[in-house]
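>
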Amino acid sequence: MKNTVRLVALTVVLESAGIRVQLFPAGTFRSQDSRPTDVTHWRLEAPQAQRLIDAAQARQTPYCFDYEHQAVRARENGQPAPVAGWYSQLEWVERARTMIAAGEYRFVSPLFRYDGQGNVTCLVNAALTNVPALDGMAALLAASQQLTGENNVDELLEQLRWMLNLPLSATPDEVTVELKKLIDRLSCGQGTAVAHINLLSLLSEKDNQITALSQQTSTPPDPAAYAPVSVVNELREQVAALGRQLSGNGDQQILVRRHKAFLWENDGSVKQEHVGKPAYVVDNQTISASDGGMPAQEGKPGKPASRSAAGTIIMLDAAGVWVE
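Okay, structure coming up:
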């Protein structure tokens, strides 16, 4: 049920023009004229009372007492609406103090807002009166509806302050500034020109992303898919040492060759030609791929030997295969 503005008159006796006045009874209550009719009763317990206290302390303009709810009737009858007092710290004007002391006014009637469960949610103002069950209540209620728009704005501001984590004392301008920041964030700086941005959908999407990331981080890694850090570091050191060794010697070379190969007779003639195996030239010494990585030695055909100091011709195996 939508929150509504209603007037309720309470039979609270003003014994003196002191600094304390009871506006509401504690707990659940009804008025003498059988209201409310749309809920079972009104309710003002500790949570609702604290809400009213916080709102009163946060207001820059204090609440006011008037006479016979003239502040509401003034828009209808055009008559002045003099103030009887101000609060949150109750302060009576001299005229009201004198009238209360003389017994000319004995009751107060608060104008307040309540929700669909009857909880008091907002105090508008209060009036001095002698007729707690006011005559002409229907007309007064009709006049009070002119305040509904203002009260709706107040309620909306209160909810926006909560959503934006702002204090109750935040002004509408301060709320607007924070809302613009939120709009810019959601629209990537394009403001209200961007359509179809749903805050609830964005929050749900973020929740799903967080859940997915949490599931990923909670899955333990597979040890078989990763090398130990110590092994990786050792390999890095070996590669770095080899790089330093090679770069520090300008005459050193590493070369891979694959040339024609010949099978030589003892008299030096070519017996057979075929493709040889790779030969590695390191620092002008040739090492064949099949001789276990040993430098070739000068020797006869049939032995692993080199016929060139530059390593351009070597014997790859004991069968007398030379690489040229």
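Numbering of the sequence shown is given in this note's numbering, commencing with residue 21 and proceeding in unit increments. Ideal placement from N, C-alpha and C gives every residue a C-beta, glycine not left out.
1) So what does DSSP say about SER189, is it helix, strand or coil?
2) With ASN145 as the anchor, note down where its beta strand (DSSP E) starts and where it stops.
3) Taking the straight line between their C-alpha atoms, what separation do you get for ARG40 and LEU110?
4) For VAL113, collect the residues of the same chain with a Cβ closer than 7 Å to its Cβ; drop the 5 residues on either side in sequence, then sort them by chain order.
5) Sort out for me which residues DSSP pairs ARG55 with in a bridge.
6) State the Cα-Cα distance for the pair GLN42 and GLU96, rounded to the nearest angstrom.
7) Figure out for me which residue from THR149, GLU257, THR141 and ASP193 has the closest Cα to the Cα of ILE73.
8) Under the three-state reduction of DSSP, which class applies to ALA66: helix, strand or coil?
9) Among the candidates GLN235, SER129 and ALA75, whose CA atom is the shortest distance from the CA of SER51?
10) Could you tell me the distance, in whole angstroms, from the CA atom of SER221 to the CA atom of ASP204?
11) Pair every Cβ in the stretch 62 to 72 with every Cβ in the stretch 83 to 95, then say whether three or more of these pairs are closer than 8 Å.
12) Is it the case that the Cβ atoms of LEU199 and ALA190 are separated by a distance below 9 Å?
13) Taking ARG63 as the reference, which of PRO56, PHE49 and ARG55 has the closest Cα?
14) Tell me whether the beta-carbon of PHE44 lies closer than 9 Å to the beta-carbon of PHE132.
15) For VAL197 and ASN139, what's the separation of their Cα atoms in angstroms?
16) When the Cα atoms are used, what is the spatial distance from ASN150 to LEU223?
17) Have a look at ARG256 and SER250 and give me their C-alpha separation to the nearest angstrom.
18) Once you ignore the five residues that flank PRO100 on each side, which residues in its own chain have a CB closer than 8 Å to its CB?
19) Between ALA76, LEU202 and PRO192, which lies nearest to LEU143 when the distance is taken from Cα to Cα?
Straight from the coordinates:
1) As a position in the sequence shown, residue 189 is number 169, starting the count at 1. Here SER189 sits in coil by DSSP.
2) Within the sequence shown, numbered from 1, the residue matching residue 145 stands at position 125. Here the beta strand (DSSP E) through ASN145 covers 140 to 149.
3) Within the sequence shown, numbered from 1, the residue matching residue 40 stands at position 20. Within the sequence shown, numbered from 1, the residue matching residue 110 stands at position 90. When rounded, the distance between both Cα atoms is 7 Å.
4) In the sequence shown, counting from the first residue as 1, residue 113 sits at position 93. Only residues of its own chain outside the window of five on either side were considered, and among them VAL103, ALA104 and GLY105 have a CB closer than 7 Å to the CB of VAL113, listed in chain order.
5) In the sequence shown, residue 55 corresponds to position 35, counting from 1. In the DSSP secondary-structure assignment, ARG55 is not bridged to any residue.
6) Locating residue 42 in the sequence shown gives position 22, counting from the first residue. Locating residue 96 in the sequence shown gives position 76, counting from the first residue. Approximately 29 Å between the Cα atoms of the pair.
7) The residue labelled residue 73 in the question sits at position 53 within the sequence shown. For ILE73, the nearest C-alpha among the options comes from THR141.
8) By 1-based counting over the sequence shown, the position of residue 66 is 46. Three-state DSSP puts ALA66 in a helix.
9) Residue mapping note: residue 51 aligns to position 31 of the sequence shown, counting from 1. Nearest option by C-alpha distance: SER129.
10) Position 201 of the sequence shown, counted from the start, is the residue given in the question as residue 221. Position 184 of the sequence shown, counted from the start, is the residue given in the question as residue 204. Distance between the alpha carbons of SER221 and ASP204: 17 Å.
11) Output reads no: the stretch 83 to 95 does not touch the stretch 62 to 72.
12) Residue numbering aside, residue 199 sits at position 179 when the sequence shown is read from its first letter. Residue numbering aside, residue 190 sits at position 170 when the sequence shown is read from its first letter. Not a contact, by the Cβ cut-off of 9 Å.
13) On the sequence shown, position 43 is the one that residue 63 refers to. The shortest C-alpha separation from ARG63 is found at PHE49.
14) For the purposes of this step, residue 44 is taken as the residue at position 24 of the sequence shown. For the purposes of this step, residue 132 is taken as the residue at position 112 of the sequence shown. In this structure, PHE44 lies near PHE132, with their beta-carbon atoms less than 9 Å apart.
15) Within the sequence shown, residue 197 is the residue found at index 177, counting from 1. Within the sequence shown, residue 139 is the residue found at index 119, counting from 1. Looking at the backbone, the Cα of VAL197 and that of ASN139 are separated by about 31 Å.
16) Position 130 of the sequence shown, counted from the start, is the residue given in the question as residue 150. Position 203 of the sequence shown, counted from the start, is the residue given in the question as residue 223. Their backbone Cα atoms lie some 54 Å apart in a straight line.
17) The sequence position of residue 256 within the sequence shown is 236, counting from 1. The sequence position of residue 250 within the sequence shown is 230, counting from 1. Taking the straight line from one Cα to the other gives about 10 Å.
18) Numbered from its first residue, the sequence shown carries residue 100 at position 80. In chain order, GLN90 and ALA94 place their CB closer than 8 Å to the CB of PRO100, counting only its own chain and leaving out the 5 sequence neighbours on each side.
19) Working through the sequence shown from its first residue, we reach residue 143 at position 123. Comparing Cα positions, the closest option is ALA76.
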